[in-house]
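Written out below as structure tokens is the structure these notes cover.
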Amino acid sequence: PNGGRSAKDRLGFIRSLTVAHATAASRLCTDRGYTPLHYACLTHEQVADDSGAVKALLEEAPPSAYIPSRAGQLALELHITSFSIHRQEEATSHRNPSTMLPILLEFYSQPSPTNLNAAYWSRALEVLYECNS
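Note that the UniProt record's numbering has the sequence shown beginning at 1, numbered continuously upward.
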């Protein structure tokens, strides 16, 4: 599923692409309007842990974290929703907790150029609650 590349090779490739084409990391792709960071935050069974890619994208293209999808979700909200839905679909709960969530929470807790306010955090917590209750 990963094109035969090791996680380290994929991470290096992602970081190189992001450095070489930083503006591309902030572009909305496809009809859902996801950035590469949105895609990296999606949870699916083919990729056990893409937290390295998320970290690389946040380090090399921080503005992409503040771009909402067409549905209005930042990467954090999309990850919460995606991870929670995936957890509910699994018959066995053998899956590890999200390794991306601490990375995303740490990033979004820093002062931001868009001045995320209490309303955003309230909405993110509502998404977390709704997806897990």
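Built from N, CA and C at the ideal position, the CB exists for glycine as well.
| field | Close-in-space but distant-in-sequence residues of the same chain around residue 78 (CB under 6 Å, 5 per side omitted) | value | Along the sequence shown, read from residue 1 onward, the residue named residue 78 stands at position 78. Answer for residue 78: 38 and 41, listed in chain order.
| task | Output the distance between the C-alpha atoms of residue 81 and residue 124, rounded to the nearest integer angstrom. | result | In the sequence shown, the residue the question calls residue 81 occupies position 81. In the sequence shown, the residue the question calls residue 124 occupies position 124. Each residue's CA atom was taken as its position, placing residue 81 and residue 124 some 10 Å apart.
| alpha helix (DSSP H) containing residue 63: first to last residue? | One-based indexing of the sequence shown puts residue 63 at position 63. Residue 63: not part of any alpha helix (DSSP H); DSSP gives it neither H nor E.
| query | What is the rounded straight-line gap between the Cα of residue 31 and the Cα of residue 24? | reply | The residue you call residue 31 lines up with position 31 of the sequence shown. The residue you call residue 24 lines up with position 24 of the sequence shown. Distance between the alpha carbons of residue 31 and residue 24 is about 16 Å.
| Which listed residue (8, 17, 109 and 35) has its alpha carbon closest to that of residue 71 | By one-based count along the sequence shown, residue 71 stands at place 71. The shortest Cα separation from residue 71 among 8, 17, 109 and 35 belongs to 35.
| task | Using alpha carbons as the reference points, say which of 59, 17 and 120 lies closest to residue 107. | result | Against the sequence shown, residue 107 aligns to sequence position 107. Checked all of 59, 17 and 120; the closest Cα to residue 107 is 59.
| field | Endpoints, the alpha helix (DSSP H) within which residue 39 is located | value | Locating residue 39 in the sequence shown gives position 39, counting from the first residue. 36 to 41 is the span of the alpha helix (DSSP H), which, as asked, contains residue 39.
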